[in-house]
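Residue numbers (the working numbering), protein chains in the order written: chain C, 1 to 124; chain S, 125 to 248; chain X, 249 to 372.
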Amino acid sequence: MKSRTEYLTFKLPERMGLVNITPEVERVVTASGVQEGLCLVNAMHITASVFINDDEPGLHHDLKKWLEALAPFDASPQRYHHNRTGEDNADAHLKRQIGPWEQIFYGEFDGRRPKRVLVKVIGE
Amino acid sequence: MKSRTEYLTFKLPERMGLVNITPEVERVVTASGVQEGLCLVNAMHITASVFINDDEPGLHHDLKKWLEALAPFDASPQRYHHNRTGEDNADAHLKRQIGPWEQIFYGEFDGRRPKRVLVKVIGE
Amino acid sequence: MKSRTEYLTFKLPERMGLVNITPEVERVVTASGVQEGLCLVNAMHITASVFINDDEPGLHHDLKKWLEALAPFDASPQRYHHNRTGEDNADAHLKRQIGPWEQIFYGEFDGRRPKRVLVKVIGE
Numbered sequence: 001m002k003s004r005t006e007y008l009t010f011k012l013p014e015r016m017g018l019v020n021i022t023p024e025v026e027r028v029v030t031a032s033g034v035q036e037g038l039c040l041v042n043a044m045h046i047t048a049s050v051f052i053n054d055d056e057p058g059l060h061h062d063l064k065k066w067l068e069a070l071a072p073f074d075a076s077p078q079r080y081h082h083n084r085t086g087e088d089n090a091d092a093h094l095k096r097q098i099g100p101w102e103q104i105f106y107g108e109f110d111g112r113r114p115k116r117v118l119v120k121v122i123g124e
Numbered sequence: 125m126k127s128r129t130e131y132l133t134f135k136l137p138e139r140m141g142l143v144n145i146t147p148e149v150e151r152v153v154t155a156s157g158v159q160e161g162l163c164l165v166n167a168m169h170i171t172a173s174v175f176i177n178d179d180e181p182g183l184h185h186d187l188k189k190w191l192e193a194l195a196p197f198d199a200s201p202q203r204y205h206h207n208r209t210g211e212d213n214a215d216a217h218l219k220r221q222i223g224p225w226e227q228i229f230y231g232e233f234d235g236r237r238p239k240r241v242l243v244k245v246i247g248e
Numbered sequence: 249m250k251s252r253t254e255y256l257t258f259k260l261p262e263r264m265g266l267v268n269i270t271p272e273v274e275r276v277v278t279a280s281g282v283q284e285g286l287c288l289v290n291a292m293h294i295t296a297s298v299f300i301n302d303d304e305p306g307l308h309h310d311l312k313k314w315l316e317a318l319a320p321f322d323a324s325p326q327r328y329h330h331n332r333t334g335e336d337n338a339d340a341h342l343k344r345q346i347g348p349w350e351q352i353f354y355g356e357f358d359g360r361r362p363k364r365v366l367v368k369v370i371g372e
């Protein structure tokens with residue numbers, strides 16, 4: 001069995017952002033030398049996600065607006081008990097629950113700090 | 125290591141539909157000869173999904189109604205920027221984000237065209 | 249290839265509850281002897297889920313409240329057709345669609361009965 005594990009690190013300037021990581025994932029798969037196997041791409045942080053969807057700016061606008069409607073940002077401790085800890089990112093913890101296991105896009109919901117994505121390939 | 129990869133193709137007549145694909149997946153697993161391993165079942169299109177849930181018609185009604193409330197179909201470019209591209213399926217791109225990684229049911233949210241599901245088994 | 253499969257069984261006293269199963273998963277991974285591979289943690293019931301998020305009580309409150317708003321419990325057959333079968337758990341079938349594939353937390357949405365979680369490790 002062959003395997004290869006790499007961590008990609010992202011630090012987005014904005015709170016919420018989407019990054020197409022397909023080329024990075026393709027590079028790791030090629031470097032692994034695996035011809036038959038599985039590739040796991042997983043956000044290592046609980047206020048980010050990895051998902052597959054279309055690389056079309058209008059859709060990214062729609063996706064962000066939709067997630068914001070489902071779990072609005074609100075730093076106050078009234079709406080989200082989690083924010084009584086002094087954090088302000090309860091909404092991001094909820095947003096990442098939508099579509100957590102997929103590939104290719106990195107979804108950031110509480111940015112402005114470095115976060116890693118795991119890329120692991122196993123097979124032969 | 126053994127592996128087997130098959131593509132199942134679906135073309136549903138309606139925009140939204142659910143298909144129980146358990147027998148097809150079982151057939152591929154049996155054909156693979158794998159006794160210990162993992163089976164990935166993944167929609168190859170970003171307006172469809174694969175998920176596990178109950179094969180009960182009332183629940184399917186509830187699930188469709190629920191997804192329609194979360195991300196209503198609206199072909200106009202006002203609600204969804206994605207539909208300014210000339211497409212009308214922004215809602216389907218959002219619907220498929222709910223429960224994208226699971227098995228056994230094929231969920232179609234923008235049908236009337238052929239779409240494939242990947243079934244890959246690895247192990248030994 | 250090495251593999252190890254275990255089933256964890258939970259019977260929570262309340263309808264909805266979250267259990268941190270990280271130590272149990274770590275124990276199975278250690279017992280497997282696998283150094284490089286994948287670990288699948290999957291709820292074997294369609295009214296429960298497995299997900300990764302923060303072990304912070306305020307966030308658990310927020311998550312339960314959020315899921316309840318997205319898919320409210322309602323045993324009557326009016327809101328959910330599934331409950332015309334005599335069941336009362338259509339909401340739980342919907343709730344588990346949010347974040348179905350993840351690790352470490354067990355999410356119960358229709359408790360008071362024993363349910364299993366699969367932990368499978370493969371690799372070498």
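Virtual Cβ for every residue (Gly too), placed ideally from N, Cα, C. Since the structure is predicted, the reported quantities are computational estimates derived from the model, not experimental observations.
Can you tell me which of the three DSSP states S/G210 falls into?
Here S/G210 sits in coil by DSSP.
Can you confirm whether X/M249, when its beta carbon is compared against all beta carbons of chain S, has any partner nearer than 8 angstroms?
Cβ-Cβ to chain S under 8 angstroms: yes for X/M249.
Identify the continuous beta strand (DSSP E) that holds X/K250 and give its terminal residues.
Note, X/K250: beta strand (DSSP E), K250 to F258.
Residues in the same chain with beta-carbon distance under 7 angstroms from C/G33, minus the five sequence neighbours each way, listed in chain order, please.
K2.
Starting from the Cα of X/S297, find the closest Cα among X/N331, X/E284 and X/A340 and give me that residue.
If we check each option's Cα against that of X/S297, X/A340 comes out closest.
Per DSSP, what kind of secondary structure is C/S49 in: helix, strand or coil?
DSSP places C/S49 in strand when its eight states are reduced to three.
Which residues bound the alpha helix (DSSP H) around C/A69?
Unbroken alpha helix (DSSP H) run through C/A69: P57 to L70.
Of all Cβ atoms in chain S, is any one closer than 8 angstroms to the Cβ of C/G17?
With 8 angstroms as the cut-off, C/G17 does not count as an interface residue toward chain S.
Where does the unbroken beta strand (DSSP E) through S/V165 begin, and where does it stop?
G161 to A167 is the extent of the beta strand (DSSP E) around S/V165.
S/T133 and S/P201 - do their beta-carbons sit closer together than 8 angstroms?
The answer is no: Cβ separation not under 8 angstroms.
Can you confirm whether C/I52, when its beta carbon is compared against all beta carbons of chain S, has any partner nearer than 8 angstroms?
Yes, C/I52 lies at the interface with chain S (some Cβ there is under 8 angstroms from its Cβ).
So does the segment 302 to 319 of chain X actually touch the segment 259 to 279 of chain X, counting three or more Cβ pairs closer than 8 angstroms?
Yes, the segment 302 to 319 of chain X is in contact with the segment 259 to 279 of chain X.
If contact means a Cβ-Cβ distance below 8 angstroms, which residues of the segment 299 to 322 of chain X contact chain C?
From the segment 299 to 322 of chain X, only F299, I300, N301, D302, E304, P305, G306, L307, H309, D310, L311, W314 and L318 have a Cβ closer than 8 angstroms to chain C.
Note down the Cα distance separating C/I52 from S/V165, rounded to an integer number of angstroms.
Answer to the nearest angstrom: the Cα atoms are 14 angstroms apart.
Since C/H60 contacts X/E304 with CB under 8 angstroms, what's their CB separation in whole angstroms?
That pair is no contact at about 29 angstroms.
Using a Cβ-Cβ cut-off of 8 angstroms, state whether X/E274 counts as contacting chain C.
Cβ-Cβ to chain C under 8 angstroms: no for X/E274.
Identify whether X/W349 lies in helix, strand or coil by the three-state DSSP scheme.
Residue confidence for X/W349 is low, a pLDDT of 41 falling below 50, so the modelled location carries little weight; the figure read from the coordinates is stated next. In this structure, X/W349 counts as strand in the three-state DSSP scheme.
If you measure from the beta carbon of X/Y328 to each beta carbon in chain S, is any gap under 8 angstroms?
Yes, X/Y328 counts as interfacial toward chain S.
Assuming C/D127 and S/I145 make a contact with CB atoms under 8 angstroms, what is their CB distance in whole Å?
With chain C covering 1 to 124 only, the question about residue 127 of chain C has no answer from this structure.
Give the range of the alpha helix (DSSP H) segment to which X/V276 is assigned.
Where X/V276 is concerned, the enclosing alpha helix (DSSP H) stretches over T270 to S280.
State yes or no: is the beta carbon of S/L132 nearer than 8 angstroms to at least one beta carbon in chain C?
So, not an interface residue.
Might you give, ordered along the chain, the residues of its own chain that have their beta carbon closer than 7 angstroms to the beta carbon of C/E102, omitting 5 neighbours on each side?
Here the model assigns C/E102 a pLDDT of 39, short of 50, so the residue's position is not dependable, and the following value carries that caveat. So the qualifying residues of the chain are V50, F51 and I52.
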